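Residue numbers (this note's numbering), protein chains in the order written: chain A, 4 to 422; chain B, 4 to 422.
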C-alpha cells in the first residue's frame with residue numbers, strides 16, 4: 004500500500020536486520036522502487052524468528068514486503084560487479100544505495116567513481132564505525148533504569164534494569180535514513196550533486212535524549228530520572244485493573260484530559276480534599292506527577308468497584324484519554340483500529356506464510372490513490388526482471404549468469420527448495 | 004546543527020507535546036525554516052517537566068530548538084487570521100502546516116481556500132480522529148506483556164505489564180510526518196499540487212507490528228509472545244553483571260557476534276558440551292534462543308570471576324557486540340560518543356536554562372556544512388521578524404497588533420516576565 008510520491012526513485016538495498024530494511028520498506032511505501040540484494044539462499048537475517056511452519060521468517064517477510072528481490076553470489080567478483088552496476092545504473096533518480104553493510108567494494112568512493120551523483124546512505128552502530136545494535140545502545144540511554152518497578156529505593160546504586168523489547172532506535176534510525184535519502188534526492192534534483200550519508204544507531208538514541216530534555220536534566224540539574232514503574236513521567240497516568248480483572252492505561256496529561264478523568268471517575272470531591280491535604284494544585288501537571296501515588300489510590304478504589312464494560316462506556320462518553328491493554332491476538336480480534344475496518348491493512352498472500360493482514364504506510368494522503376501492499380518476494384523472484392530492466396541484459400546474458408551460479412531465481416529460495 | 008537540504012522550505016507548526024514538535028525539529032534540522040506558533044505565555048506543553056530552576060521546561064526547550072517562535076493570541080479572531088495568513092503566505096516552498104491540533108479554523112479545507120497548493124500534515128491519536136497518546140496506544144501493542152520478568156509462568160492470563168518510558172510511537176510518528184511533508188514538497192515541486200496528510204499514532208504503532216512479523220505471528224501461528232525479561236528475542240543476548248557489580252548488555256545475534264562472544268569468554272568447550280546435551284546447533288540463532296537460559300548460566304559464571312575492566316578490554320580486543328548500562332549522568336561523563344568528541348553535539352546557551360550540550364541531526368552528510376544548533380527561542384522571540392518577513396507587515400502594523408494584545412514579543416515569556 005504505497006503512494007506515488009517517490010515514483011521515479013530507485014533504491015538498491017544491501018542490508019540485514021531491522022534499521023536498513025525498515026528504511027527501504029518506508030521508501031517503497033512512498034513509491035520508490037526498492038530492490039533488495041540478497042545472497043543466494045538468503046543472507047544472515049533470512050531465518051530470523053518468528054518462523055512459519057514452512058521455515059519462512061515472518062520477521063523477514065514483514066520487513067521486506069513492497070520490494071523487489073534479486074539473489075546474487077557476492078562472494079564472486081562478477082556478483083559484486085553486478086551489485087555495483089545496479090547501484091550506478093543510469094536513470095535520473097537511480098544511483099541510490101541504502102546499506103548497513105560496511106564493505107569496501109560498496110563504499111561511497113568506489114561507487115562514486117562510476118556515478119558521481121551517487122547517493123549512499125549507510126547505517127552504522129556507532130559513529131566511529133564500531134559495532135552496536137539496538138540492545139547494546141539502549142542500555143546506555145538510562146531508560147532501562149527508569150522502566151519497571153523500583154527495587155532499591157533507598158540506595159544510590161542503579162536499580163535492576165528492564166530492557167525494552169521493541170527496538171525503538173532501529174525504528175527511529177530507519178525513518179531518519181528514509182528522510183535523509185529523500186532530502187538527498189530532492190537536493191540532487193535541484194543541484195545535480197549526490198550525497199554521502201551516514202547515520203549511527205547510537206547517535207539516533209543519544210540525540211533523542213537531548214531533544215527530550217533528559218540530557219540537559221542530567222547536565223544542568225545533575226539529576227538521574229527515578230524509576231517510575233507504569234506511571235507517566237511529568238503528569239498523571241498509570242495502568243488500573245477493573246473489578247473483572249481487565250487492565251486499562253489512563254493518561255491525564257493535558258488539563259482537559261485530567262478534568263475529564265476526574266469527572267468520569269466522580270472524584271471531584273476526593274481530589275479537592277487531596278489537593279488541600281497535600282497542598283498541591285492538581286490542575287498543574289507537575290503537581291499531579293508529585294501526587295501520583297495518592298491520586299492512584301483513589302482511582303484504584305473506583306476501578307475495583309466497576310466492570311470493564313461499565314468503565315469503557317463511561318470513559319467513551321466523556322473525553323477521558325485511555326486505552327486497553329491487549330495482546331496481539333486480542334488486538335487482531337477485538338480492536339477495530341486493525342484489520343478490515345482500517346484501510347491501512349490489506350489481506351496479502353505471502354509465499355510460505357499464507358494469507359494474512361499486512362500494513363502499508365500509516366500516512367494517509369487525501370485524494371491520492373494507494374496501491375496494493377505487495378507481499379515479500381521469494382529470494383531472487385525479480386532477478387531476471389531487474390537484470391533486464393535496470394542493466395539491460397538480454398536473456399542470453401542472464402542465462403549465463405545463472406549457469407555460472409552468480410545469480411539465482413526464486414527456485415533457489417529455501418522455502419521452495421525444501422518443499 | 005542543520006543541513007541546507009530543505010533550505011527553501013517554510014513550515015508553520017501549531018503543535019503540542021512530542022510527535023508534532025519533534026517532526027518540526029527534524030524538518031528544521033534538514034534546513035527548513037520552522038516557525039512554531041504558541042499562545043502568548045505558552046501553550047499546554049510549555050511547562051512540562053523537567054524544569055530548570057527558572058521554571059523553564061527542559062522538555063520544551065529540547066524539542067523546540069532550531070525553530071523561530073511567534074506568540075499569538077489565537078482566541079481572538081485577528082490572531083487566528085494571522086496564523087492562517089502565515090500558513091498560506093506566498094512563497095514557492097511555503098504553504099505548509101504541521102499540526103496535531105484539530106481545529107476547524109486550521110483545517111485543510113479552510114486553508115486550501117486561501118492557497119490551493121497547501122500541504123498540511125495532521126498528527127492524530129487514532130485514525131477516526133479520537134484521542135490517544137503514546138502510552139494509551141502502547142498498552143495495546145502487546146509489548147508491555149513481553150517486557151520485564153514473567154510473573155505468572157504457568158497461567159494463561161497476561162503477565163503484569165511493564166510500560167515503556169521512552170515514547171517510541173511519538174518518535175516514529177514524528178519521523179514519518181517529517182518524511183511525509185518532505186515527499187509532499189517534492190511532489191508539489193514536480194506537479195504544483197498540494198497534499199492533505201494525516202498520520203495516527205495508533206496506525207504508526209500497529210503497522211509496526213505488521214512490519215516486524217508480530218502481527219502475522221499472532222494471526223498465522225495464533226501465538227502471543229512470551230515474556231522474555233532482558234533476553235533478546237530470537238537470538239542470544241542478555242545483561243550480565245561483572246565481579247565488581249557493573250552491568251553489560253551482550254548481543255550474539257549474527258553468527259559472527261556469537262562466535263566472538265564464545266571465544267572471548269573462553270567457552271568453546273562448555274558451549275560444545277551444552278550443544279550436545281541439549282541437541283541444539285548453537286550456530287543457529289533460533290537454537291541459541293531456545294537454549295538461552297543454559298547459555299546465560301555459563302556466561303554468568305564467567306562474568307562473576309572477572310572485573311569490568313578486564314571484560315571491557317577482552318571484548319574490545321575481539322568482535323564482541325556489547326555495551327555498558329549507563330545512567331544519563333554517566334553517559335555524559337564517561338561515554339565519548341556524547342559531547343565534545345562527537346560533532347553531533349554542540350554547546351548552546353538557552354535562555355532560562357544556561358549552557359548545555361545540544362544535539363543536531365544524527366544524519367551525517369559528507370562534505371556538506373552543518374550550521375550551528377540554535378537554542379530554543381523565548382516565546383515570541385521572532386514575532387516581529389516573522390510578521391515582517393513572512394506577512395510583509397510594517398512596524399506600525401506590527402505595533403498595533405502588540406497594542407491590541409494579539410501578538411507578543413519575548414518579554415511575554417514567563418521566564419522573562421517572572422525574572
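The C-beta atom is built at its ideal place from N, Cα and C for all residues, glycine as well.
Keep in mind it's a predicted model, so treat the numbers as computed, not measured.
Closest Cβ-Cβ distance between residue i and chain A: below 8 Å?
| i | result |
| --- | --- |
| residue 262 of chain B | no |
| residue 347 of chain B | yes |
| residue 161 of chain B | yes |
| residue 53 of chain B | yes |
Would you please verify whether the beta carbon of residue i is less than 8 Å from any beta carbon of chain B?
| i | result |
| --- | --- |
| residue 316 of chain A | no |
| residue 360 of chain A | yes |
| residue 179 of chain A | yes |
| residue 375 of chain A | no |
| residue 42 of chain A | no |
| residue 150 of chain A | yes |
| residue 303 of chain A | no |
| residue 168 of chain A | yes |
| residue 354 of chain A | no |
| residue 22 of chain A | no |
| residue 47 of chain A | yes |
Report the neighbours of residue i on chain B: residues whose CB is nearer than 8 Å to its CB, in chain order.
| i | result |
| --- | --- |
| residue 145 of chain A | 329, 330, 331, 334 |
| residue 227 of chain A | 330, 331, 332 |
| residue 64 of chain A | 216, 219 |
| residue 103 of chain A | Ordered by position in chain B, no residue passes the 8 Å Cβ test against residue 103 of chain A, which lies about 12 Å from the chain. |
| residue 296 of chain A | The premise fails here: residue 296 of chain A is roughly 16 Å from chain B at the closest Cβ pair, so nothing lies under 8 Å. |
| residue 237 of chain A | 51, 52, 53, 62 |
| residue 135 of chain A | 324, 326 |
| residue 116 of chain A | Within 8 Å Cβ-Cβ: nothing; residue 116 of chain A doesn't reach chain B, min ~15 Å. |
Going along chain A in order, which residues have a C-beta closer than 7 Å to the C-beta of residue i?
| i | result |
| --- | --- |
| residue 325 of chain B | 139 |
| residue 100 of chain B | The premise fails here: residue 100 of chain B is roughly 14 Å from chain A at the closest Cβ pair, so nothing lies under 7 Å. |
| residue 380 of chain B | Near residue 380 of chain B there are no residues of chain A at all, since even the closest Cβ is about 16 Å away, more than 7 Å. |
With a CB to CB cut of under 8 Å and the five nearest residues on each side skipped, what residues in its chain are close to residue i?
| i | result |
| --- | --- |
| residue 326 of chain A | 251, 252 |
| residue 389 of chain A | 38, 71, 73, 89 |
Mind listing the chain A neighbours of residue i? Cutoff is C-beta to C-beta under 8 Å, in chain order.
| i | result |
| --- | --- |
| residue 164 of chain B | 233, 242, 250, 328 |
| residue 292 of chain B | 52 |
| residue 121 of chain B | Correct list: empty, because the minimum Cβ distance to chain A is about 11 Å. |
Just to confirm my understanding: we take residue i, look at its own chain, exclude 5 residues before and 5 after, and list those with CB closer than 6 Å. What are they?
| i | result |
| --- | --- |
| residue 11 of chain A | 96 |
Just the chain B side, please: which residues come within less than 7 Å of residue i by C-beta, in chain order?
| i | result |
| --- | --- |
| residue 340 of chain A | 129, 130, 205, 209 |
| residue 423 of chain A | Nothing can be reported for residue 423 of chain A, as the shown portion of chain A is limited to 4 through 422. |
| residue 365 of chain A | 179, 202, 203, 206, 207, 210 |
| residue 418 of chain A | Residues of chain B passing the Cβ test: none, with the nearest at roughly 14 Å. |
Residues of chain A with CB closer than 9 Å to the CB of residue i, please, in chain order.
| i | result |
| --- | --- |
| residue 306 of chain B | Chain A residues near residue 306 of chain B: none, gap ~15 Å exceeds 9 Å. |
| residue 299 of chain B | Correct list: empty, because the minimum Cβ distance to chain A is about 14 Å. |
CB-CB under 7 Å to residue i, same chain, minus the five flanking residues each way: which ones, in chain order?
| i | result |
| --- | --- |
| residue 55 of chain A | 61, 355, 356 |
| residue 373 of chain A | 4, 5, 6, 363 |
| residue 50 of chain A | 60 |
| residue 264 of chain A | 253, 255, 323 |
Anything in the segment 74 to 92 of chain B with a Cβ closer than 8 Å to a Cβ of chain A? List those residues in chain order, please.
Among the residues of the segment 74 to 92 of chain B, none has a Cβ less than 8 Å away from any Cβ of chain A.
Evaluate contact between the segment 404 to 417 of chain A and the segment 376 to 391 of chain A, counting only Cβ atoms and requiring at least three cross-stretch pairs below 8 Å.
Yes, the segment 404 to 417 of chain A is in contact with the segment 376 to 391 of chain A.
So, do the segment 323 to 334 of chain A and the segment 142 to 150 of chain B have three or more beta carbon pairs nearer to each other than 8 Å?
Touching, yes, given that three or more Cβ pairs across the two stretches are closer than 8 Å.
Along the segment 274 to 290 of chain A, what residues have a CB closer than 9 Å to any CB found in chain B?
So the list reads 287, 288, 289, given in the order they occur along the chain.
Anything in the segment 239 to 270 of chain A with a Cβ closer than 9 Å to a Cβ of chain B? List those residues in chain order, please.
Taking 9 Å as the cut-off between beta carbons, the residues of the segment 239 to 270 of chain A near chain B are 240, 241, 242, 248, 250, 251, 252, 253, 254, 256, 257, 258, 259, 260, in sequence order.
Using 8 Å as the cut-off, can you tell me whether the segment 199 to 219 of chain B makes contact with the segment 116 to 127 of chain B, which would need three or more C-beta pairs spanning the two stretches below that distance?
Contact between the segment 199 to 219 of chain B and the segment 116 to 127 of chain B is present, because at least three Cβ pairs lie under 8 Å.
Say whether the segment 282 to 291 of chain B touches the segment 208 to 227 of chain B, bearing in mind that this needs 3 or more beta-carbon pairs closer than 8 Å, one atom from each stretch.
For the pair of segments examined, the segment 282 to 291 of chain B was found not to touch the segment 208 to 227 of chain B: the number of CB pairs separated by less than 8 Å stays below three.
Residues within the segment 184 to 215 of chain B neighbouring chain A, beta-carbon criterion of under 8 Å
Flagged, chain order: 185, 186, 187, 188, 189, 190, 192, 198, 199, 200, 201, 202, 203, 205, 206, 207, 209, 210, 211, 212, 213, 214, 215.
So, does the segment 230 to 249 of chain B touch the segment 303 to 316 of chain B, judging by three or more C-beta pairs under 8 Å?
Three or more pairs of CB atoms, one per stretch, sit closer than 8 Å, so the segment 230 to 249 of chain B contacts the segment 303 to 316 of chain B.
Determine contact between the segment 254 to 263 of chain A and the segment 173 to 188 of chain A, defined as no fewer than three beta-carbon pairs at a distance below 8 Å.
The segment 254 to 263 of chain A vs the segment 173 to 188 of chain A: no contact.
Would you check if there are 3 or more beta carbon pairs closer than 8 Å linking the segment 53 to 60 of chain B to the segment 16 to 25 of chain B?
No, the segment 53 to 60 of chain B is not in contact with the segment 16 to 25 of chain B.
Using a Cβ cut-off of 7 Å, which residues of the segment 4 to 17 of chain B contact any Cβ in chain A, in chain order?
Interface annotation for the segment 4 to 17 of chain B against chain A: 8, 9, criterion Cβ-Cβ distance under 7 Å.
Decide if the segment 265 to 280 of chain A is in contact with the segment 292 to 312 of chain A; the criterion is three or more beta carbon pairs, one per stretch, under 8 Å apart.
Judged by Cβ distances under 8 Å, the segment 265 to 280 of chain A makes contact with the segment 292 to 312 of chain A, as three or more pairs qualify.
Do the segment 77 to 87 of chain B and the segment 99 to 111 of chain B touch if we need at least three Cβ pairs shorter than 8 Å?
Three or more pairs of CB atoms, one per stretch, sit closer than 8 Å, so the segment 77 to 87 of chain B contacts the segment 99 to 111 of chain B.
Between the segment 43 to 55 of chain B and the segment 189 to 197 of chain B, can you find at least three pairs of beta-carbon atoms closer than 8 Å?
The answer is no - the segment 43 to 55 of chain B does not touch the segment 189 to 197 of chain B, with fewer than three Cβ pairs under 8 Å.
Validate contact between the segment 229 to 244 of chain B and the segment 165 to 175 of chain A using beta carbons, cut 8 Å, 3 pairs
Using a C-beta cut-off of 8 Å, the segment 229 to 244 of chain B makes contact with the segment 165 to 175 of chain A, since at least three inter-stretch Cβ pairs fall below that distance.
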